[in-house]
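Novice:
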Amino acid sequence: MKTTYKSFLAITAIIFTFLLSTVNVNAQKTTSQIKNVVLVHGAFADGSGWQGLYKVLTKKGYNVTIVQNPLSSLEDDVNATNLALDKQDGPTILVGHSWGGTVITEAGNHPKVAALVYVAALQPDNGENSVQWLQTAPPAPENGVLPPDEKGIAYYDKAKFHAGFAGDLSKEQADFMYASQGAFHAQGFLTKITNAAWRTKPSYGIVATEDKSIVPSIQQAMYKRSNTKITEIKGSHVVFISQPEKVANVIIDASFKK
């Protein structure tokens, strides 16, 4: 009797192990991890702001490419992003911050883009431009976007940059970001989207709850309208600098394609 019972337990264990291994194999077949990430910065910034996030992602085995937007027009920024996407060796997660969200909304139609991640970013629809969304809620008092100058270029007010753009960074970091901001041609804010990639590709959105440049209610409204998967992170407009691990977690989530 004892021998029979022991045999029964042994057979049960073998069957259980087989079933478990089958489940694991099936899971591997249905889930694959995308290892390429392309990061697109916004207005009043440049690619250097992505350094912290770059370090987090590369340590986790991701191949990260950072776009340097010319900021001369939406078309030019989309072209710069497409050049970076052309170089990727397979499926890619495309990430945009702020104005970079408008850029990836158009550039995300590239065939190598598997998913989009919006970081405190704009997310217009077809026929919409960026400024339409910026006008849907009163700006925060700290917001320092200046009117375009005689050349049509918009800059961020130096006196408001720390509080309005990078409130959770040190003043030293904020001063560097101010000094390295690109010359943003404001006409880009008025250019309409022709083919919103989020309509056909999985999208993830990070709401920076302490944002003074794109107020959180605007971010929430855009992401809810598009059925984007939302993650709230307590941080300023540059939450990807102040909270790189948390932003990386959203990108990593997007990278597991089922």
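Going left to right, the sequence shown walks through residues -27 to -1, 1 to 231 as mature numbering (1 follows the signal peptide of the UniProt record, and there is no 0) numbers them. From the three backbone atoms N, C-alpha and C, an ideal C-beta is built for every residue, glycine too. Remember, predicted model here, so these are calculated numbers, not experimental data.
Pop quiz: V76 and L58 are said to be a contact at Cβ under 8 Å. What is the actual Cβ separation, rounded to whole angstroms?
Specialist: Contact between V76 and L58 is ruled out by a C-beta separation of about 12 Å, above the 8 Å threshold.
Novice: Assuming H210 and A139 are in contact, meaning their beta carbons sit under 8 Å apart, how far apart are those beta carbons, in whole angstroms?
Specialist: 7 Å
Novice: DSSP on L89, reduced to helix/strand/coil?
Specialist: strand
Novice: Residues in its own chain within less than 6 Å of A227 by CB, not counting five upstream and five downstream?
Specialist: I66, A88, V90, Y177
Novice: Going by DSSP, what residues sit across from I126 in a beta bridge?
Specialist: H158
Novice: In the DSSP assignment, find the unbroken beta strand (DSSP E) run with S176 in it and report its ends.
Specialist: First-last of the beta strand (DSSP E) with S176: 176 to 181.
Novice: Opposite E205 in the DSSP bridges: which residues?
Specialist: According to DSSP, which records beta bridges pairwise, E205 is partnered with V180.
Novice: As a quick exercise: from I126, D122, A152, pick the residue whose alpha carbon is nearest that of A132.
Specialist: A152
Novice: What is the DSSP secondary structure of S5, counted as helix, strand or coil?
Specialist: strand
Novice: How long is the line joining the alpha carbons of V188 and A113, rounded to whole angstroms?
Specialist: 7 Å
Novice: Between which residues of its own chain and G15 is the CB-CB distance below 6 Å, once the five residues before and five after are set aside?
Specialist: H70, S71, W72, G73
Novice: Is it a yes or a no for the region 23 to 43 touching the region 119 to 136, going by three-plus beta-carbon pairs under 8 Å?
Specialist: no
Novice: DSSP three-state label for V220, please.
Specialist: In the three-state DSSP reduction, V220 falls in the helix class (H, G or I).
Novice: Where does V29 land, buried or exposed, given buried means 16+ other C-beta within 10 angstroms?
Specialist: It is buried - the Cβ of V29 has at least 16 other Cβ atoms within 10 Å.
Novice: Quick one: what's T38 bridged to in DSSP?
Specialist: V11
Novice: Going by other Cβ atoms of all chains shown within 10 Å of its Cβ, with 16 needed for buried, is N9 buried or exposed?
Specialist: buried
Novice: In angstroms with no decimal places, state the Cα-to-Cα distance between A18 and G155.
Specialist: 6 Å
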